[in-house]
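> Protein chains in written order, with our numbering: chain A, 6 to 112; chain B, 6 to 112.
Heads up, the beta-carbon is just placed ideally off N, CA and C, and yes, glycines get one too.
Note that the structure is a prediction, hence the values are computed from the model and not measured.
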DNA sequence: TTTATATATTCCTTGACAGGAATATTCCAT
DNA sequence: ATGGAATATTCCTGTCAAGGAATATATAAA
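See the structure below:
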């Protein structure tokens with residue numbers, strides 16, 4: 006997840022959403038110079054977010070599905086927070102209160 | 006998204022998935038000391054991921070739905086990458102090739 | 001075999017950020 | 001009013017990561 010925290014890398018991922026691209030193309034479209042793009046792609050690659058296929062001179066990068074699927078699953082685990090109106094604040098307040106009275110009752 | 010990049014903060018968010026919690030409780034369950042927890046919560050709060058409700062002495066933190074919804078939407082925009090078998094590598098290779106012959110034809 | 005193109009790597013510097021320790025603040029209880 | 005809990009803030013320090021410039025590597029082209 007920290008690989009996606011860097012803004013330029015996030016942009017790269019969004020670029021690659023529309024299909025594979027070459028290092029140079031990414032650099033062009035994002036207005037970055039080539040070395041930084043290579044470095045960022047290296048990070049994305051080591052995070053498993055991206056994979057590379059060498060074609061002659063160039064290297065074509067494309068997204069790997071798995072990490073996105075995992076992220077999707079992770080986000081889904083929060084669904085009930087907005088699906089049902091999931092507040093639990095009232096419940097929690099009572100919980101707190103009962104804890105306090107417990108510790109008062111048995112000093 | 007960079008707010009979630011920090012491992013402890015990610016853990017906090019996962020903790021809060023099960024309901025609101027107090028600063029002290031978060032510190033206990035994650036084995037962190039209180040000042041760091043407050044600092045991380047501040048970051049999460051400024052990122053809009055978390056909101057606070059003061060109750061007497063304590064501050065109860067809970068998740069806000071919106072950022073998670075947005076993240077969900079973002080991830081969904083990548084669905085076709087694994088829904089349909091979305092490779093586009095072949096297409097892209099031909100694209101590359103035609104570009105090259107173009108630049109050769111008009112020197 | 002030399003030259004050019006595409007990409008990766010290294011070195012350096014700078015800025016941001018996390019953790020630790022100490023302190024400030026706020027509220028409750030006595 | 002005073003002491004004590006719960007939380008926030010500040011200061012300091014070390015670490016790490018990003019960007020720039022230069023260079024290395026590999027492949028194609030001449």
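Sorted by chain position, which residues of the same chain lie with C-beta nearer than 7 Å to residue 109 (chain B)'s C-beta, five sequence neighbours on each side aside?
Here the model assigns residue 109 (chain B) a pLDDT of 42, short of 50, so the residue's position is not dependable and the matter cannot be decided.
> Can residue 31 (chain A) and residue 48 (chain A) be called in contact, C-beta distance under 8 Å?
Their beta carbons are not under 8 Å apart, which means residue 31 (chain A) does not touch residue 48 (chain A) by this criterion.
> So the alpha helix (DSSP H) residue 35 (chain A) belongs to, where does it begin and stop?
Where residue 35 (chain A) is concerned, the enclosing alpha helix (DSSP H) stretches over 28-35.
> Among B:38, B:27 and B:46, which has the Cα closest to the Cα of residue 11 (chain B)?
When each option's Cα is compared against that of residue 11 (chain B), the closest is B:46.
> I'd like the ranges of any alpha helix (DSSP H) spanning at least 4 consecutive residues and lying wholly in the stretch 26-85 of chain A.
Correct list: 28-35, 39-51 and 70-81.
> Against residue 7 (chain A), what residues of chain B qualify as contacts under a CB-to-CB distance less than 7 Å, listed in chain order?
Going along chain B in sequence order, the residues near residue 7 (chain A) (Cβ under 7 Å) are 10.
> For residue 112 (chain B), which residues in the same chain have their Cβ closer than 7 Å to its Cβ, ignoring the five residues on either side in sequence?
With a pLDDT of 34 at residue 112 (chain B), under the threshold of 50, the modelled position of this residue cannot be trusted; read the value that follows with caution. The answer is none, since no qualifying residue turns up.
> Note down, in chain order, each residue of its chain lying with its Cβ closer than 8 Å to the Cβ of residue 99 (chain B), except the 5 sequence neighbours on either side.
Cβ within range, chain order: n/a, list empty.
> In this structure, does DSSP put residue 17 (chain A) in helix, strand or coil?
In this structure, residue 17 (chain A) counts as helix in the three-state DSSP scheme.
> Using the C-alpha atoms, what's the distance from residue 23 (chain A) back to residue 75 (chain A)?
Taking the straight line joining both Cα atoms gives about 20 Å.
> Excluding the five sequence neighbours on either side, which residues of its own chain have a C-beta within less than 8 Å of the C-beta of residue 35 (chain B), listed in chain order?
Answer for residue 35 (chain B): 13, 16, 17, 20 and 42, listed in chain order.
> When you compare only the Cα positions, how much space is there between residue 73 (chain B) and residue 69 (chain A)?
C-alpha separation (whole angstroms): 22 Å.
> Pick out whichever of A:54, A:92, A:8 and A:102 has its Cα sitting closest to the Cα of residue 63 (chain B).
For the residues A:54, A:92, A:8 and A:102, the minimum Cα distance to residue 63 (chain B) belongs to A:102.
> Nearest chain B C-beta to residue 67 (chain A) closer than 8 Å, yes or no?
It does: the Cβ of residue 67 (chain A) has a partner Cβ on chain B nearer than 8 Å.
> Name, please, each residue of chain A whose Cβ falls closer than 8 Å to the Cβ of residue 58 (chain B).
The answer, in chain order, is 94.
> Considering only the beta carbon of each residue, do residue 97 (chain A) and residue 54 (chain B) sit closer than 8 Å?
For residue 97 (chain A) and residue 54 (chain B), no; Cβs fall outside 8 Å.
> Between residue 46 (chain B) and chain A, is the shortest Cβ-Cβ distance under 8 Å, so that the two count as touching?
By this cut-off, residue 46 (chain B) is not an interface position.
> Along chain B, which residues have their Cβ under 8 Å away from the Cβ of residue 22 (chain A)?
Per Cβ cutoff of 8 Å: 82, 83 and 86.
> Determine the direct distance from the alpha carbon of residue 59 (chain A) to that of residue 95 (chain A), and round the result to whole angstroms.
The straight-line gap from Cα to Cα measures roughly 58 Å.
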